[in-house]
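Asks:
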Amino acid sequence: MLEGVQTAPKVFISYSWDCPEHKDRVLLLANSLKKYGIDSKIDRYQQAPPEGWYRWMMNQIDESDFVLIVCTEKYNLRYRNKAEQGQGRGVTWEGGLIIAELYDGQGINDKYIPVLLSPDGEKYIPRSLQAYTVYRLFDEQYDAKIPGEFQNLYRHLSKQPEYEEPKLGKRIILPPIQPAPSNVGIDGAIVKGEDIANELASDRGVNYTQLEELLKAGEWEKADQETADRMREVMGRLTGSFPSNLLYDEDIEKFPCTDLRTINQLWVKYSKGRFGFSVQQKLYLDCGAKLDGKYPGDKIFNEFCVRIGWFEYWEKRKELTFDISATPGHLPTMPPFYRTRSVTNRGLNPPIVNLFFNIPNEEQWLESSWRFCLPLLLSRKDLKL
0 MLEGVQTAPK
10 VFISYSWDCP
20 EHKDRVLLLA
30 NSLKKYGIDS
40 KIDRYQQAPP
50 EGWYRWMMNQ
60 IDESDFVLIV
70 CTEKYNLRYR
80 NKAEQGQGRG
90 VTWEGGLIIA
100 ELYDGQGIND
110 KYIPVLLSPD
120 GEKYIPRSLQ
130 AYTVYRLFDE
140 QYDAKIPGEF
150 QNLYRHLSKQ
160 PEYEEPKLGK
170 RIILPPIQPA
180 PSNVGIDGAI
190 VKGEDIANEL
200 ASDRGVNYTQ
210 LEELLKAGEW
220 EKADQETADR
230 MREVMGRLTG
240 SFPSNLLYDE
250 DIEKFPCTDL
260 RTINQLWVKY
270 SKGRFGFSVQ
280 QKLYLDCGAK
290 LDGKYPGDKI
300 FNEFCVRIGW
310 FEYWEKRKEL
320 TFDISATPGH
330 LPTMPPFYRT
340 RSVTNRGLNP
350 PIVNLFFNIP
360 NEEQWLESSW
370 RFCLPLLLSR
380 KDLKL
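Position 168 of the sequence shown, counted from 1, bears residue number 167 in numbering that gives the first Met the number 0, the numbering being contiguous throughout.
#1: Over what stretch of residues does the alpha helix (DSSP H) that includes V233 continue unbroken?
#2: For a quick check, are the C-beta atoms of R24 and L115 less than 7 Å apart?
#3: I'd like the ranges of any beta strand (DSSP E) spanning at least 3 consecutive residues and lying wholly in the segment 96–171.
#4: For T291 and I251, I'd like the C-alpha separation in whole angstroms.
#5: Put Y44 into one of helix, strand or coil per three-state DSSP.
#6: Comparing C-alpha positions only, which one of A216, Q209, H21 sits nearest to G120?
#7: Using a threshold of 7 Å, state whether the C-beta atoms of R306 and L330 are closer than that.
#8: State the start and end residues of the unbroken beta strand (DSSP E) segment that holds I307.
#9: Can you check which of these residues, F274, P374, A222, L284, is closest to E212 by C-alpha distance?
#10: Could you check what DSSP says for F65 in three-state terms: helix, strand or coil?
#11: Check Y247 in the structure and name its three-state DSSP category.
#12: Start and end of the beta strand (DSSP E) containing V10?
#13: Would you report the Cα separation of N301 and A288, rounded to the nearest angstrom?
#14: Is S277 helix, strand or coil by DSSP?
#15: For Y78, report the span of its alpha helix (DSSP H) as first-last.
#16: Tell me the DSSP secondary structure of D291 in three-state form.
#17: May I have the straight-line CA-CA distance separating L376 from K169, to the nearest angstrom?
#18: I'd like the span of the alpha helix (DSSP H) that includes E20, first residue to last.
#19: Starting from N206, trace the alpha helix (DSSP H) both ways and give me its first and last residue.
#20: Nearest CA to the CA of W52: which residue from R77, Y74, V90, R79?
#21: Check D38 in the structure and name its three-state DSSP category.
#22: Where do the ends of the alpha helix (DSSP H) carrying W266 lie?
#23: To the nearest angstrom, how far is it from the Cα of Y162 to the Cα of H155?
#24: Given 8 Å as the limit, is there contact between the segment 27–39 and the segment 143–159, that is, 3 or more CB pairs closer than that?
#25: If you draw a straight line from the alpha carbon of T261 to that of P374, how long is it in whole angstroms?
#26: Ordered along the chain, which non-local residues of its own chain (more than five positions away) have a Cβ less than 6 Å from that of E366?
#27: Residues in the same chain with beta-carbon distance under 7 Å from S270, minus the five sequence neighbours each way, listed in chain order, please.
#28: Could you tell me the distance, in whole angstroms, from the CA atom of Q129 to the CA atom of P19?
#29: Among E62, T326, L167, which has the Cα closest to the Cα of R273?
#30: Suppose you measure from the CA of S157 to the CA of M56; what does that come to, to the nearest Å?
#31: To which residues of the same chain is Y44 closer than 8 Å at the C-beta, ignoring the five residues directly before and after it?
#32: So for E318, helix, strand or coil by DSSP?
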């Protein structure tokens with residue numbers, strides 16, 4: 000064979016003799032393929048094959064590169080051997096050969112191509128061929144130079160895809176991109192670090208610069224203490240001695256939104272979303288609590304304590320973990336607040352006493368008051384980023 004000369008693709012057309020118009024349409028398809036260099040074969044090109052029709056059909060199927068299957072209602076019945084006895088034996092014979100080859104190929108098929116010459120054939124595509132590309136040659140003149148379904152079929156048969164796959168280029172090495180800090184707060188909200196108020200806003204004129212520096216440096220324990228001090232300053236309880244420095248429920252309920260937001264966002268930013276009041280609030284909700292300021296019950300509260308790593312601190316007096324590796328929500332400690340039994344027993348509005356205060360009588364502390372104090376802070380609606 001001369002270099003550059005390609006063998007014409009050989010194509011056999013399997014169809015049924017539905018009516019004269021259908022036979023002529025198939026003949027036009029075969030002739031058009033011949034015109035454009037496709038060696039198409041149909042029975043109408045043969046008068047009496049010397050090997051006999053059965054062997055001729057078998058040889059055509061075996062020797063062809065492609066087999067076009069013109070799908071119609073009658074073809075489908077005969078393909079499935081559902082036609083009346085004695086009718087369409089040629090299609091039934093061809094269908095048996097095609098089904099056997101598809102079966103042997105275990106569904107891998109690049110030879111048998113369903114073709115429709117009218118929209119009515121859509122529902123008569125044999126089930127064994129429904130997974131493959133179908134060419135719908137409706138109302139076309141079968142001109143390979145005109146874009147359309149016939150041209151698409153011609154490209155398939157002549158192995159001329161519409162688009163050439165580009166050659167594989169050389170892989171390049173890209174530097175890794177460091178993700179910008181994004182922090183998850185209440186309701187899964189994501190906040191970028193630069194969105195946090197750079198001016199460290201406060202409604203009470205409190206300076207949060209030291210808190211920011213400690214958090215930036217990873218001085219978590221000192222930052223926790225600084226948080227407690229600045230919160231007491233906001234509430235006007237930083238100075239004085241017991242009992243004037245006791246904290247009441249109203250101190251938490253009326254804590255300025257701006258200051259609470261500033262403190263929370265600083266913790267969220269520098270812990271990369273690991274610590275902060277809003278993180279604690281989300282975990283509190285995940286445990287089944289409601290933001291109503293009420294104690295949620297021992298089961299929910301204890302589950303929350305376990306989730307943020309505080310349970311053993313209260314129950315077993317173990318040390319808190321002042322490290323970035325601590326359980327999410329572990330810090331800040333808010334700081335630990337307690338109610339005093341003496342004031343409560345007098346029937347007064349129960350104050351909340353900060354553990355950091357120098358209260359002389361430890362027996363005054365009602366340690367279970369955690370369970371009443373925390374819901375007040377975690378129920379703040381402004382605890383979101």
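Glycine residues also receive a C-beta, built at the ideal position from the N, C-alpha and C atoms.
Replies: According to the structure shown:
#1: 219–233
#2: no
#3: 111–115
#4: A quick correction: the sequence has Asp, not Thr, at residue 291. Rounded to whole angstroms, D291 to I251 spans 14 Å at the Cα level.
#5: helix
#6: H21
#7: no
#8: No beta strand (DSSP E) contains I307, which is instead part of the alpha helix (DSSP H) from 297–307.
#9: A222
#10: strand
#11: strand
#12: 9–13
#13: 11 Å
#14: helix
#15: 72–78
#16: coil
#17: 58 Å
#18: 19–34
#19: It is not in any alpha helix (DSSP H) - N206 carries neither H nor E in the DSSP assignment.
#20: V90
#21: strand
#22: 256–269
#23: 12 Å
#24: yes
#25: 20 Å
#26: Because the pLDDT of E366 is 40, which lies under 50, any placement of that residue in the model is unreliable, and the number read from its coordinates should be weighed accordingly. No residues qualify anywhere along the chain.
#27: I323
#28: 27 Å
#29: T326
#30: 23 Å
#31: A29
#32: coil
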